[in-house]
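Respectively, the protein sequence lines represent chains H, Y, E and V.
Residues in the first sequence are numbered from 1 upward in steps of one, following the UniProt record's numbering.
Residues in the second sequence are numbered from 1 upward in steps of one, following the UniProt record's numbering.
Residues in the third sequence are numbered from 1 upward in steps of one, following the UniProt record's numbering.
Residues in the fourth sequence are numbered from 1 upward in steps of one, following the UniProt record's numbering.
Encoded as structure tokens, the structure appears first; notes follow it.
Number of protein chains: 4
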Amino acid sequence: MASRHYPAPELDVSEWIGTPHTLEELRGKVVLIETFQMLCPGCVRYGLPQAQKVHRAFPQVTVLGLHTVFEHHEVTGVDALKVFLSEFRMTFPVGIDRQDGGMLPVTMRKYGLEGTPSTLVVDREGGLALSHFGQLDDLALGAVLGQVMADGRNE
Amino acid sequence: MASRHYPAPELDVSEWIGTPHTLEELRGKVVLIETFQMLCPGCVRYGLPQAQKVHRAFPQVTVLGLHTVFEHHEVTGVDALKVFLSEFRMTFPVGIDRQDGGMLPVTMRKYGLEGTPSTLVVDREGGLALSHFGQLDDLALGAVLGQVMADGRNE
Amino acid sequence: MASRHYPAPELDVSEWIGTPHTLEELRGKVVLIETFQMLCPGCVRYGLPQAQKVHRAFPQVTVLGLHTVFEHHEVTGVDALKVFLSEFRMTFPVGIDRQDGGMLPVTMRKYGLEGTPSTLVVDREGGLALSHFGQLDDLALGAVLGQVMADGRNE
Amino acid sequence: MASRHYPAPELDVSEWIGTPHTLEELRGKVVLIETFQMLCPGCVRYGLPQAQKVHRAFPQVTVLGLHTVFEHHEVTGVDALKVFLSEFRMTFPVGIDRQDGGMLPVTMRKYGLEGTPSTLVVDREGGLALSHFGQLDDLALGAVLGQVMADGRNE
Numbered sequence: 001m002a003s004r005h006y007p008a009p010e011l012d013v014s015e016w017i018g019t020p021h022t023l024e025e026l027r028g029k030v031v032l033i034e035t036f037q038m039l040c041p042g043c044v045r046y047g048l049p050q051a052q053k054v055h056r057a058f059p060q061v062t063v064l065g066l067h068t069v070f071e072h073h074e075v076t077g078v079d080a081l082k083v084f085l086s087e088f089r090m091t092f093p094v095g096i097d098r099q100d101g102g103m104l105p106v107t108m109r110k111y112g113l114e115g116t117p118s119t120l121v122v123d124r125e126g127g128l129a130l131s132h133f134g135q136l137d138d139l140a141l142g143a144v145l146g147q148v149m150a151d152g153r154n155e
Numbered sequence: 001m002a003s004r005h006y007p008a009p010e011l012d013v014s015e016w017i018g019t020p021h022t023l024e025e026l027r028g029k030v031v032l033i034e035t036f037q038m039l040c041p042g043c044v045r046y047g048l049p050q051a052q053k054v055h056r057a058f059p060q061v062t063v064l065g066l067h068t069v070f071e072h073h074e075v076t077g078v079d080a081l082k083v084f085l086s087e088f089r090m091t092f093p094v095g096i097d098r099q100d101g102g103m104l105p106v107t108m109r110k111y112g113l114e115g116t117p118s119t120l121v122v123d124r125e126g127g128l129a130l131s132h133f134g135q136l137d138d139l140a141l142g143a144v145l146g147q148v149m150a151d152g153r154n155e
Numbered sequence: 001m002a003s004r005h006y007p008a009p010e011l012d013v014s015e016w017i018g019t020p021h022t023l024e025e026l027r028g029k030v031v032l033i034e035t036f037q038m039l040c041p042g043c044v045r046y047g048l049p050q051a052q053k054v055h056r057a058f059p060q061v062t063v064l065g066l067h068t069v070f071e072h073h074e075v076t077g078v079d080a081l082k083v084f085l086s087e088f089r090m091t092f093p094v095g096i097d098r099q100d101g102g103m104l105p106v107t108m109r110k111y112g113l114e115g116t117p118s119t120l121v122v123d124r125e126g127g128l129a130l131s132h133f134g135q136l137d138d139l140a141l142g143a144v145l146g147q148v149m150a151d152g153r154n155e
Numbered sequence: 001m002a003s004r005h006y007p008a009p010e011l012d013v014s015e016w017i018g019t020p021h022t023l024e025e026l027r028g029k030v031v032l033i034e035t036f037q038m039l040c041p042g043c044v045r046y047g048l049p050q051a052q053k054v055h056r057a058f059p060q061v062t063v064l065g066l067h068t069v070f071e072h073h074e075v076t077g078v079d080a081l082k083v084f085l086s087e088f089r090m091t092f093p094v095g096i097d098r099q100d101g102g103m104l105p106v107t108m109r110k111y112g113l114e115g116t117p118s119t120l121v122v123d124r125e126g127g128l129a130l131s132h133f134g135q136l137d138d139l140a141l142g143a144v145l146g147q148v149m150a151d152g153r154n155e
């Protein structure tokens, strides 16, 4: 079955904290990407805890963080981010979205994200099943994950 | 595709508050059945609110309540139940599980339920996809609903 | 020091579940009275749990429940109430506000309460330090209790 | 009335973000001091939100933050802290606890704090009414504030 979803653009990451990944290499798996900034309250309060909860509850889902910095670059560099991830006990790999001098980092622009936190779900065929900006209900996120986990399971 | 799940036993209901339903008639739909007692704290605190949330969030899921009384019969009759459902704003149909003089009402026995609240999910082919006693995380329930909504969608 | 508060009217209770009390006899103590109806969602969700929490956290505060029924009398009688209090693990004494045929029960009328849940705090001199209808923040309730506990402590 | 509490040590602050304060100057007022580190999860999740809530709910209480850094100094300097306070909408003055090369900053040592977050309440006479490490229930904090607000009110 061809995916019903548009292809998810490849991640453009300048550095990984944890194991590096590409979406191409993850074809065949369900992927959740949590895009965030370490000093964004909504990311800290609900986006990242929800991603961590998915990481724990669904071993069959690959969870990635993407640090999409578009403000306060000077105090949210890689050293600060490493401390943050360790203190807040985030255990999934986190990529740093590439900066090319534009207003927004590259991957964030390719996905047309409105801000942080944004939650992305990529299906087994690399289609973008969800792109949600802001707080996302667990019941709704669970249903999206359940559907893309079911899709292509027997194919 | 044949359901991977055991067939869900038919409901045995002595009276409906709201539109009556049978599982047989609901074949082809995803059904969530919330079994509860009106004076059970866990039912009031999380089971019923979660069922009501599913009812609101997923119009494609048929939500039913099942009043499976096994204690305090004398103060949880149909008149009390009607007041309770109205005050607590439960808007899905509720069946009263048949009493035949046994310790537990009939449908509760057929499903082998351990207590209240128990949440049941029936897939499109009438298979029992979930039978969970006690508090159930929204993320986990969402995933089950997402999977059974995906199953048989194109068949 | 004379209380800065108006005198709290005496309770008019037709029956007690647990040890009977009068405000007169409780002079010198801080008293919290949680007025409720057993099938009122706000009472079950926040009023009564908060009263129970005060009962556990502040042994020096006397906590009482008052069942102020003004609707659905037929299904919220004393037998139903006893089951409810036992199932919901309310461990403080509960009085049943006297019915005299008026729209509202007698004590509820004397206090001019708007509805349920309403939380009342009576100071050591029998003054009404708080009468609050609806949800009440823990921080705000704590501050009222702290103030009336401090008042008259050394006198 | 002489305070029943030990005198709260004076704050030793190297720099203020917002209006500077000393406890000596605040004699006669109730003061809440929230000690925190900007990358400490418990501070972000409950300590600081609770302090902000007190700041909003009780205009008669002076709320101060104290940045007691004892780890990760290199990524939690004053520039990072200013961004953090602005993003997380903390509107009370924040002092930076003086570093003198010891393991812990100076004020933190003088108070014998175990870690962050720690919540301190200073009464009108400069006595230390509360020093609590970790999560603190709103009801309990409210009661302490209510008691120290009542103390010395009429003197």
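Glycine is no exception: its CB is placed at the ideal position from the N, C-alpha and C atoms.
Predicted, not measured: the structure shown is a model, and the values here were computed from it.
Item	Value
Taking DSSP as the reference, what is the three-state secondary structure of V:G65?	strand
Would you verify that the beta carbon of V:V94 is, or is not, closer than 9 Å to some beta carbon of chain H?	no
If you drop the 5 nearest sequence neighbours on each side, which residues of the same chain put their C-beta closer than 6 Å to that of V:Q135?	Y46
So, are the CB atoms of E:P41 and E:T107 less than 9 Å apart?	no
Got a sec: is the Cβ-Cβ distance from Y:E15 to anything in chain E below 9 Å?	no
Taking only beta carbons into account, state which residues of the segment 8-35 of chain E come closer than 8 Å to chain V, listed in chain order.	none
Would E:P41 count as contacting chain Y if we go by Cβ distances under 9 Å?	yes
For the beta strand (DSSP E) holding Y:G142, just list the boundary residues, first then last.	Taken as a continuous stretch (DSSP letters only), Y:G142 belongs to no beta strand (DSSP E), being part of the alpha helix (DSSP H) at D138 to A150.
Given this structure, state the Cα-to-Cα distance separating V:L104 from E:K53, to the nearest angstrom.	36 Å
If distances are taken between C-alpha atoms only, which option among Y:Q99, Y:V44 and Y:F133 comes closest to Y:L113?	Y:F133
Tell me the DSSP secondary structure of Y:T35 in three-state form.	strand
Can you tell me whether DSSP reads Y:T107 as helix, strand or coil?	helix
Can you tell me whether DSSP reads E:D79 as helix, strand or coil?	helix
With a threshold of 16 other CB atoms inside 10 Å of the CB of V:E25, please say whether the residue is buried or exposed.	exposed
Return the bridge partner residues of E:T119 from the DSSP annotation.	E:E34 and E:H132
How would you list, in chain order, the residues of chain Y whose beta-carbon sits under 7 Å from the beta-carbon of residue 156 of chain E?	No answer is possible for residue 156 of chain E: it lies beyond the span of chain E, which begins at 1 and ends at 155.
Is any non-hydrogen atom of the ligand SAH found closer than 8 Å to the C-beta of E:E25, if you look at the structure I gave you?	Absence of the ligand SAH is noted for the structure shown, with no ligands found whatsoever.
Does DSSP classify H:E74 as helix, strand or coil?	helix
Can you tell me whether DSSP reads H:E87 as helix, strand or coil?	helix
Is it true that the CB of H:Y111 sits closer than 9 Å to the CB of H:T22?	no
Once DSSP output is grouped into helix, strand and coil, what is the label at H:G101?	coil
To the nearest angstrom, report how far apart Y:M149 and Y:V30 are at their CA atoms.	7 Å
Mind pulling the chain E residues with CB within less than 7 Å of V:G127?	In chain order: nothing, as chain E lies at least about 14 Å away.
With 9 Å set as the bound, which would you pick, yes or no: does the beta-carbon of H:L48 sit closer than that to a beta-carbon of chain Y?	no
Quickly, what does DSSP pair H:G95 with across the bridge? List them, please.	H:W16 and H:L66
How long is the line joining the alpha carbons of V:R124 and V:G95, rounded to whole angstroms?	20 Å
Have a look at E:G102, E:P59 and E:P20 and flag the residue whose alpha-carbon is nearest the alpha-carbon of E:L11.	E:P20
In chain V, which residues lie with their C-beta within 7 Å of the C-beta of E:L145?	A143 and G146
Compute the Euclidean distance between the alpha carbons of V:R72 and Y:F58, then round it to the nearest angstrom.	Per the sequence shown, the amino acid found at residue 72 of chain V is His instead of Arg. Between V:H72 and Y:F58, the C-alpha separation is close to 46 Å.
Spell out the partners DSSP gives Y:G7 in its beta bridges.	For the record, residue 7 of chain Y in the displayed sequence is Pro; it is not Gly. Paired residue(s): Y:G127.
What's the C-alpha gap between E:M38 and E:I17?	14 Å
Check Y:R27 in the structure and name its three-state DSSP category.	coil
With 9 Å set as the bound, which would you pick, yes or no: does the beta-carbon of V:R56 sit closer than that to a beta-carbon of chain H?	no
Please list the partners that Y:V83 has in chain E, where partner means a Cβ-to-Cβ separation under 7 Å.	L39, H72 and V75
For Y:M149, go through chain H and note every residue whose CB falls closer than 9 Å to its CB, in chain order.	A143, G146, Q147 and A150
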